[in-house]
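J.:
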Amino acid sequence: MTTTEKIKAHLDEFHLVYREIHARRAEWKDLQQAEQAQAEYKRQTSKFDSELTDLSQQKSSLEVELRRRKIQEERGPNTFRPPPPPPMMMKSRPEPATVPGEKPQTAVAKQAARKGARLELQKLVGRYGRLWELSGEVRGSINRIAEDPARPLGEALALLDWTTFANRIAHRENEEEHLRRIEDWGQALLEYRDWLEGEMDMLRTKYRRVLPIMAAWIDRENADGQQRWNQQIAETLAAKASELKTLSDEIIKLNAELAQSKAHA
């Protein structure tokens, strides 16, 4: 396979990754609002929370007392014993600080290569940013990402137009150098796509209870979205009011059972 053919094959492969990243970033940005949506949702639906907590505790206390009395009745007086304490949990063994089998020199070399790639991107953006029609805001974002080792390099590369990948840098690259750049940048995009997917999975898990209301939260700026949001709030409050009524009825019943048990003691 010629260098030109390799370039084309890599561009076809990594363009798909580039498009996947941009599609996922839209959802990722929405998920970033989950914490704010959760806080506002909680604020608007916390009307009955304190009372629900108190009634739940009352119910649990009554149920414990009724169980205690039933056990006493079955075994006779002074025979009730509290359940044994739970067994002690074994402490997990800490994970090794380094990857098994990886030589320290290899890790240092990888770290140096990553740092070099970040510096090289900053140099290219500084020299060719205007040629690539990057706004000052985008150039600033790329530089901030490149300077932060905790953020994937692919996050900065995804801000570039795809033509920056596809075209050789005039008066700087030959075909072999263009191929190496595509390979390096493509690998960084792959790593960023996987990192982004992991972050999204974490957010989906963390805010799984908020996800059903996220569409209404995001669209609340328009009339239909605001109506859906208000409906979500109203339905939640109605459900909590119903739960409050159920707990109150259960407590009345438990108190009656407890009074009957005391009367027969």
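Okay, so the sequence shown: first residue is -19 according to the working numbering, each after it adds one.
Glycine included, C-beta positions come from ideal geometry on N, C-alpha and C.
(1) Report the rounded CA-to-CA distance for Arg173 versus Glu179, giving the unit in angstroms.
(2) Could you please give the first and the last residue of the uninterrupted alpha helix (DSSP H) stretch that includes Ala138?
(3) Of all the options Arg4, His(-10), Asp10, Arg(-1), which has the alpha carbon lying nearest to the alpha carbon of Ile193?
(4) Tell me which residue opens and which closes the alpha helix (DSSP H) that Phe28 is part of.
(5) Would you mind sorting Leu190 into buried or exposed? The rule is 16 or more other CB atoms within 10 Å of its CB.
(6) On the three-pair Cβ rule with 8 Å, is the stretch 159 to 175 touching the stretch -4 to 12?
(7) Who are the Cβ neighbours of Leu32 in its own chain at under 8 Å, not counting the five residues just before and after it?
(8) Looking at the secondary structure, which residues open and close the alpha helix (DSSP H) in which Gln207 lies?
(9) With a Cβ-Cβ cutoff of 8 Å, do Leu183 and Ala14 count as a contact?
(10) How would you label Arg200, buried or exposed, when you count the other beta carbons within 10 angstroms and need 16 or more for buried?
(11) Distance, Cα to Cα, Ile(-13) vs Thr144?
(12) Where does Met182 sit, in a helix, a strand or coil, going by DSSP?
(13) Going by C-alpha to C-alpha distance, which of Glu0, Leu(-4), Leu104, Trp209 sits closest to Glu177?
(14) Any contact of the stretch 130 to 140 with the stretch 100 to 115, i.e. 3+ C-beta pairs under 8 Å?
(15) Give the straight-line distance between the Cα atoms of Glu215 and Ser26, rounded to the nearest whole angstrom.
(16) Please list, in chain order, all residues of the same chain as Leu169 whose beta carbon is under 8 Å from its beta carbon, the five residues on each side excluded.
(17) For the stretch 119 to 129 and the stretch 98 to 106, state whether three or more C-beta atom pairs, one from each stretch, are separated by less than 8 Å.
(18) I need the boundaries of the alpha helix (DSSP H) containing Ser121, first residue and last residue.
(19) What would DSSP say about Gly166, mapped onto helix, strand or coil?
(20) Looking at the structure shown, is Pro132 part of a helix, part of a strand, or coil, going by DSSP?
(21) Cα separation between Trp197 and Arg188?
(22) Taking only the alpha-carbon atoms, compute the straight-line gap between Pro132 and Lys233 and give it to the nearest angstrom.
(23) Terminal residues of the continuous alpha helix (DSSP H) containing His281?
(24) Is the CB-CB distance between Thr(-16) and Glu156 below 8 Å?
(25) Distance check for Lys39 and Gln167, CA to CA, integer angstroms please.
T.: Taking the definition as stated:
(1) Here the question's residue 173 lines up with position 193 in the sequence shown. Here the question's residue 179 lines up with position 199 in the sequence shown. Spanning the two alpha carbons is a distance of roughly 10 Å.
(2) As a first step, residue 138 is located in the sequence shown; it is residue number 158 there, counting from the start. From DSSP, Ala138 is part of no alpha helix (DSSP H); its letter is neither H nor E.
(3) Position 213 of the sequence shown holds residue 193. The option with the nearest alpha carbon to Ile193 is Asp10.
(4) On the sequence shown, residue 28 is found 48 positions in, with the first residue counted as 1. Looking at the DSSP string, Phe28 is not in any alpha helix (DSSP H), and its letter there is neither H nor E.
(5) Your numbering for residue 190 matches position 210 in the sequence shown. A small fix is needed here, since residue 190 is Val in this sequence, not Leu. Burial call: buried.
(6) yes
(7) Against the sequence shown, residue 32 aligns to sequence position 52. Hits under 8 Å: Lys220, Glu223, Leu224, Leu227.
(8) Reading the sequence shown from its first residue, position 227 is the one you call residue 207. Run containing Gln207: 203 to 244, per the alpha helix (DSSP H) assignment.
(9) As a first step, residue 183 is located in the sequence shown; it is residue number 203 there, counting from the start. As a first step, residue 14 is located in the sequence shown; it is residue number 34 there, counting from the start. Cβ atoms of Leu183 and Ala14: closer than 8 Å.
(10) To locate residue 200, count along the sequence shown from 1; it is residue 220. By the neighbour-count rule (16 or more Cβ atoms within 10 Å), Arg200 is buried.
(11) For the purposes of this step, residue -13 is identified with residue 7 of the sequence shown, where counting begins at 1. For the purposes of this step, residue 144 is identified with residue 164 of the sequence shown, where counting begins at 1. Roughly 13 Å between the two C-alpha positions.
(12) Here residue 182 is taken as the residue at index 202 of the sequence shown, counted from 1. In the structure shown, Met182 sits in a helix (DSSP, three-state: H, G or I).
(13) Indexing the sequence shown from 1 puts residue 177 at position 197. Nearest option by C-alpha distance: Glu0.
(14) yes
(15) Residue numbering aside, residue 215 sits at position 235 when the sequence shown is read from its first letter. Residue numbering aside, residue 26 sits at position 46 when the sequence shown is read from its first letter. Cα to Cα, Glu215 sits roughly 13 Å from Ser26.
(16) On the sequence shown, residue 169 is found 189 positions in, with the first residue counted as 1. Same-chain partners within the cutoff: Phe(-6), Val(-3), Tyr(-2), Ile1, Gly134, Leu137, Ala138.
(17) yes
(18) Counted from its first residue, the sequence shown places residue 121 at position 141. Start and end: 116 to 127.
(19) Along the sequence shown, one-based indexing puts residue 166 at 186. In the structure shown, Gly166 sits in a helix (DSSP, three-state: H, G or I).
(20) Position 152 of the sequence shown, counting from 1, holds the residue named residue 132. Pro132: coil per DSSP, three-state reduction.
(21) If you number the sequence shown from 1, residue 197 lands on position 217. If you number the sequence shown from 1, residue 188 lands on position 208. Each residue's Cα considered, the two are about 14 Å apart.
(22) The residue labelled residue 132 in the question sits at position 152 within the sequence shown. The residue labelled residue 233 in the question sits at position 253 within the sequence shown. Answer to the nearest angstrom: the Cα atoms are 59 Å apart.
(23) Coverage of the chain is limited to positions -19 through 245, which leaves residue 281 absent and any answer about it impossible.
(24) Your numbering for residue -16 matches position 4 in the sequence shown. Your numbering for residue 156 matches position 176 in the sequence shown. Cβ atoms of Thr(-16) and Glu156: not closer than 8 Å.
(25) Taking the first residue of the sequence shown as 1, we reach residue 167 at position 187. Taking the first residue of the sequence shown as 1, we reach residue 39 at position 59. When rounded, the distance between both Cα atoms is 58 Å.
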